[in-house]
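*Asks:*
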Amino acid sequence: MKFSEQWLRGWVNPQVSRDELVARLSMAGLEVDSVTPAAGQFSGIVVGEILTTEQHPDADKLRVCQVSNGAETFQVVCGAPNARPGIKIPFAMIGAELPGDFKIKKAKLRGVESFGMLCSASELQISEENDGLLELAADAPVGEDIRKYLNLDDASIEIGLTPNRGDCLSLAGLARDVSALYDVPVTRPVVPAVPAAHDEVRPVEVSAPAACPRYLGRVIRNVDLSKPTPLWMVERLRRSDVRSIDAAVDITNYVMLELGQPMHAFDLAEINGGIRVRMAEEGEKLVLLDGQEVALRADTLVIADHTRALAIAGVMGGEHSGVNTEKTRDLFLESAFFEPISVAGKARSYGLHTDASHRYERGVDSQLAREAMERATALILEIVGGEAGPVVETVSEQHLPNIAPITLRAERITQMLGMEMDAAQVEQLLNALELKTSANGAGQWTVTVPSHRFDVSLEVDLIEELARLYGYNNLPVRYPQARLAPQARPETRGELPNLRRLLVARGYQEAITYSFIDPKLFELFTPGVEPLLLANPISSDMAAMRASLWPGLVKAMQHNLNRQQDRVRLFESGLRFVGQLGDLKQQPMIAGVATGSRQPEGWANGRDGIDFFDVKADVEALLGYSGALSDFSFVAGKHPALHPGQTARIERDGKEVGYLGAIHPELAKTLGLDRPVFVFELVLGDVVEGRLPKFSELSKFPETRRDLALIAGRDVASSSVLEVIRDNAGEWLTDLRLFDVYQGKGIDPDRKSLAVGLTWQHPSRTLNDDEVNETLQTILTSLEQRLNTTLRK
482 MKFSEQWLRG
492 WVNPQVSRDE
502 LVARLSMAGL
512 EVDSVTPAAG
522 QFSGIVVGEI
532 LTTEQHPDAD
542 KLRVCQVSNG
552 AETFQVVCGA
562 PNARPGIKIP
572 FAMIGAELPG
582 DFKIKKAKLR
592 GVESFGMLCS
602 ASELQISEEN
612 DGLLELAADA
622 PVGEDIRKYL
632 NLDDASIEIG
642 LTPNRGDCLS
652 LAGLARDVSA
662 LYDVPVTRPV
672 VPAVPAAHDE
682 VRPVEVSAPA
692 ACPRYLGRVI
702 RNVDLSKPTP
712 LWMVERLRRS
722 DVRSIDAAVD
732 ITNYVMLELG
742 QPMHAFDLAE
752 INGGIRVRMA
762 EEGEKLVLLD
772 GQEVALRADT
782 LVIADHTRAL
792 AIAGVMGGEH
802 SGVNTEKTRD
812 LFLESAFFEP
822 ISVAGKARSY
832 GLHTDASHRY
842 ERGVDSQLAR
852 EAMERATALI
862 LEIVGGEAGP
872 VVETVSEQHL
882 PNIAPITLRA
892 ERITQMLGME
902 MDAAQVEQLL
912 NALELKTSAN
922 GAGQWTVTVP
932 SHRFDVSLEV
942 DLIEELARLY
952 GYNNLPVRYP
962 QARLAPQARP
972 ETRGELPNLR
982 RLLVARGYQE
992 AITYSFIDPK
1002 LFELFTPGVE
1012 PLLLANPISS
1022 DMAAMRASLW
1032 PGLVKAMQHN
1042 LNRQQDRVRL
1052 FESGLRFVGQ
1062 LGDLKQQPMI
1072 AGVATGSRQP
1082 EGWANGRDGI
1092 DFFDVKADVE
1102 ALLGYSGALS
1112 DFSFVAGKHP
1122 ALHPGQTARI
1132 ERDGKEVGYL
1142 GAIHPELAKT
1152 LGLDRPVFVF
1162 ELVLGDVVEG
1172 RLPKFSELSK
1182 FPETRRDLAL
1192 IAGRDVASSS
1202 VLEVIRDNAG
1212 EWLTDLRLFD
1222 VYQGKGIDPD
1232 RKSLAVGLTW
1242 QHPSRTLNDD
1252 EVNETLQTIL
1262 TSLEQRLNTT
1272 LRK
């Protein structure tokens, strides 16, 4: 909000400099964005009057003017299009200084002498308008210093208010805060009730009382809108960044800036019957004051008469019912309270933003409408004349805001501010904001909140007000104190940062993707699962909560592939969301995606592409991080997003903990992927839960190794063979590894050859051949019985 410093000081005038006032406002939460002088630096400029004008003999666009300063007459050559006899303008006499260190001297323009300069508003840096001379009021005193006449020793102060401080979008609200900050009285304008001079009324019917709990209307007859708006009002509006239009509109804008109540004046002749405050009909047309025609929606509150809509409530009036200086003789003045939620967003939805909507969306005092009506009526009668009728008011008390009293505790103040505040000081600061306090004893108060502070509803709100007025910079600096006992950290549990570092060391890069994805992508990766949809998504392609980290990772991989990154390895840790509200499971996961060559490009590296087993090795590194790799097993599985022949379900003690595999060819085709892509996803909690390693003394006795070449069925998993061997190899087995798999010439097409190496070592003696041979025989017998696997001959 922008306002004139002089205007504010007319309400409340603390004896401090402008700089100190600005700094104090900012520290009180009313952050000052800018301070702009009302005019540039100049001197020697007075009110002048053009007595006569004649055409310059040698220039079509110049006029030779005779200008009076009240004591003498000067000849001035001027090129302004509005230079004409009888008007009063700023006159810079010889010796005057204009902004930019421009000094006025005697000059000749195309052969004609000029003794001064007639000025526009932009030349004095009063405004940016540069369409001619600045025309002053007809009663401007000729010869008076223009800076004194226009009160230009002023500044426009702009503050950036947070949305909850709608009460400060007015001079009254700002004055209330300044009064409380400096403990000085506020001088409010006297607003007496204007007696009715006639009986004419227009009936008001409110069919949407929840959206419009209070509506006031008044007929004012026989106004003369040809009369200009007074200079003092025009200047206050200008310094508040509001353009002067005509007296009726200016007065409603002035009251809005002064008291905070948006108002509107209708041309009474354009209202058919009475006023109806109702919801719009779907598709109903309305031409607004800015000339834009809009098709109204059924959720829009409108002000209408008995035949058509007149205005969008709280936003903008209609063109046909607007005030026209040439034809309007009678006014219907409106002052209303619109419930903020009913107005919120309506202006933006129609591509608008007005001063009225800005205030109504943030909240307006529900008790202010009558005072504003009386203030605006008095100003209209004073400036443009007329006769006011009685005020018609429609109120729905049950729909008006009602803020319950708040209990404030001294101990809570001390706890939150870190200091004790004297009871008298608490009452003085709150009462200064018209927050009426009533002491309950034992360090408690009951605080009654006025209607203009609709942002105060909790005890912490009151404490915030105390902190603001006391001064945030005056609050003591204290470090928090707490007795914290260190928590035991289980040694068996790994840490996510270490898993991240492990994957980075294996060539992966961490990605962070959105938790919400395109519902179409959700269906591709988890078909048949109902997604959890957002009620208010950022966009249509970010409307579903992810049930897997794969969609985001694959999308990020595609983004890199499209930018000539042929070798991509990404991983992410985050939540997946399974189920619907009420039964929603948020599960921490770690997932990865890989494609491209097995090794980075280099003279010593091959060009082989990555395969299933490369990614399996990365997954095994993750699973083995916490020392419990033997607890996990890879089982052939099925997943709708994965290749049916290259999918492994990862289990831990029979419980599913994740999947590993290649993207299904059909899915790859749908996504536009023309290369093999491998993914994995693991439940993070199962990955980090490990086993505590135990020390076992190193044996000084020699190892014994035996290699076996086994013939097994083509569909027999090597992990099953190793499991049988491990179960029968005895307690001294120290190493078991599969080092070769062969299918081809010399082997039955339905069989395969597995070569495994077994190593035994006894801690206290050397194992003999008989013991080892006996164990091997037990292993071979068990393999043949359980898996139909025999020794290769």
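So the mapping is simple: the numbering used here equals the position in the sequence shown, first residue as 1, plus 481. The beta carbon of each residue, even a glycine, is placed where N, CA and C say it ideally should be.
1) In chain order, what residues of the same chain have a beta carbon less than 7 Å from the beta carbon of R1267, not counting five sequence neighbours either side?
2) Measuring straight from C-alpha to C-alpha, what distance separates L506 and G741?
3) From S1054 to G1171, what distance separates their C-alpha atoms?
4) Ignore the nearest five residues each way along the sequence and tell me which others in L950's own chain have a CB closer than 8 Å to its CB.
5) Go through its chain and collect everything with a Cβ distance to H1120's Cβ below 6 Å, but skip five positions before and after it.
6) If you draw a straight line from the C-alpha of A992 to the C-alpha of L1034, how long is it?
7) Please report how far the alpha carbon of N1254 lies from the alpha carbon of T1185, in whole angstroms.
8) Around the Cβ of T710, are there at least 16 other Cβ atoms within 10 angstroms (buried) or fewer (exposed)?
9) Buried or exposed: which applies to R757, given that a residue is buried once 16 or more other Cβ atoms fall within 10 Å of its Cβ?
10) Closest to K1001 by C-alpha separation, out of I1019, A1024, Y989, would be which residue?
11) Give the DSSP-derived three-state secondary structure of L1062 in the structure shown.
12) Assuming R724 and Y735 form a contact by the criterion Cβ under 8 Å, report the distance between their Cβ atoms to the nearest whole angstrom.
13) Look at the alpha carbon of V783 and the alpha carbon of I726, and state the distance between them as a whole number of angstroms.
14) What does the Cβ neighbour count give for K1233, buried or exposed, with the cut at 16 atoms within 10 Å?
15) Whole-angstrom Cβ separation of E530 and V558, contact assumed at under 8 Å?
16) Does the stretch 928 to 942 come within contact of the stretch 873 to 892, defined as at least 3 CB pairs closer than 8 Å?
17) Check for me: the beta strand (DSSP E) holding K542 runs from which residue to which?
18) My assumption, with CB atoms under 8 Å, is that L791 sits in contact with I752. Please give the rounded CB distance.
19) Assuming contact is defined by CB atoms lying nearer than 8 Å, are A828 and S838 in contact in what I supplied?
20) So what does DSSP say about R683, is it helix, strand or coil?
21) What residue from D1155, S1021, P1069, G1009 has the CA that sits closest to G1166's CA?
22) What residues are listed by DSSP as bridge partners for I696?
23) Does at least one heavy atom of the ligand FMN sit under 7 Å from the Cβ of S660?
24) Take the Cβ of I446 as the centre, count every other Cβ of all protein chains shown within 10 Å, and call the residue buried at 16 or more, exposed below.
25) Write down every uninterrupted run of the beta strand (DSSP E) in the stretch 728 to 813 whose length is 3 residues or greater and which is fully enclosed by it, in chain order.
26) Can you tell me where the alpha helix (DSSP H) holding M897 begins and where it ends?
27) Could you tell me the distance, in whole angstroms, from the CA atom of Q1080 to the CA atom of L898?
28) With three or more beta-carbon pairs closer than 8 Å as the criterion, would you say the stretch 669 to 678 touches the stretch 958 to 977?
29) Less than 8 Å between the C-beta atoms of L706 and T806, yes or no?
30) By a C-beta neighbour count over all protein chains shown, 10 Å radius and 16 as the cutoff for buried, is G795 buried or exposed?
31) Taking Cβ positions, are F555 and F596 nearer each other than 8 Å?
32) Might you give, ordered along the chain, the residues of its own chain that have their beta carbon closer than 7 Å to the beta carbon of T927, omitting 5 neighbours on each side?
33) Between A602 and I526, which are expected to be in contact by the criterion C-beta below 8 Å, what is the C-beta distance as a whole number of angstroms?
34) Pull up the CB-CB distance for R1050 and A1085, whole angstroms please, since I reckon it's below 8 Å.
35) Thinking C-alpha only, which one of E800, G764, F818 is nearest P743?
36) With DSSP as the reference, label V1197 as helix, strand or coil.
*Replies:* According to the data block:
1) Scanning its chain for C-beta atoms nearer than 7 Å, with the 5 sequence neighbours on each side dropped, one finds around R1267 the residues V1205, in chain order.
2) In a straight line, the C-alpha of L506 is about 19 Å away from that of G741.
3) Taking C-alpha positions only, S1054 is separated from G1171 by approximately 18 Å.
4) Closer than 8 Å at Cβ, skipping near neighbours: A509, A661, L662, L910, A913, L914.
5) T1128, Y1140.
6) Taking the Cα positions, A992 is about 7 Å away from L1034.
7) If I take the Cα positions, the gap works out to 11 Å.
8) Answer is buried; the Cβ neighbour count reaches 16.
9) The residue is buried, with at least 16 neighbouring Cβ atoms inside 10 Å.
10) The shortest Cα separation from K1001 among I1019, A1024, Y989 belongs to A1024.
11) L1062: coil per DSSP, three-state reduction.
12) Contact between R724 and Y735 does not hold, since their C-beta atoms are separated by about 12 Å, which reaches or exceeds 8 Å.
13) Taking the straight line joining both Cα atoms gives about 24 Å.
14) Within 10 angstroms of the beta-carbon of K1233 lie 16 or more other beta-carbons, which makes it buried.
15) Going by Cβ atoms, the distance from E530 to V558 rounds to 17 Å, so no, they are not a contact pair.
16) Judged by pairs of C-beta atoms under 8 Å, the stretch 928 to 942 touches the stretch 873 to 892, as three or more such pairs exist.
17) For K542, no beta strand (DSSP E) segment is defined, and its DSSP state is neither H nor E.
18) With 8 Å as the limit, L791 and I752 qualify as a contact, their Cβ atoms being about 7 Å apart.
19) Pairing A828 with S838 gives a Cβ-Cβ distance under 8 Å.
20) If DSSP states are grouped into helix, strand and coil, R683 belongs with coil.
21) Comparing alpha carbon positions, the residue from D1155, S1021, P1069, G1009 closest to G1166 is P1069.
22) According to the sequence shown, residue 696 is Tyr rather than Ile. Per DSSP, A817, T875.
23) As far as ligands go, the structure on display features none, and thus does not contain the ligand FMN.
24) For residue 446 there is no data in the structure shown, the boundaries of the chain being 482 and 1274.
25) You should have 744 to 748, 756 to 760, 766 to 768, 774 to 776, 782 to 785, 790 to 793.
26) M897: member of the alpha helix (DSSP H) spanning 891 to 898, first to last residue.
27) Distance between the alpha carbons of Q1080 and L898: 60 Å.
28) The answer is no - the stretch 958 to 977 does not touch the stretch 669 to 678, with fewer than three Cβ pairs under 8 Å.
29) Contact: yes.
30) Under a 10 Å Cβ-count criterion, G795 is classified as buried, with 16 or more other Cβ atoms of the shown protein chains found around its own Cβ.
31) Yes, Cβ-Cβ distance for F555 and F596 is below 8 Å.
32) Excluding sequence neighbours, T927 sits near P886, T888, S919, N921.
33) Contact doesn't hold; Cβ gap of about 12 Å is too wide.
34) Rounded, the Cβ-Cβ distance is 20 Å, inconsistent with contact.
35) Cα-wise, what sits closest to P743 is F818.
36) Coil, per DSSP.
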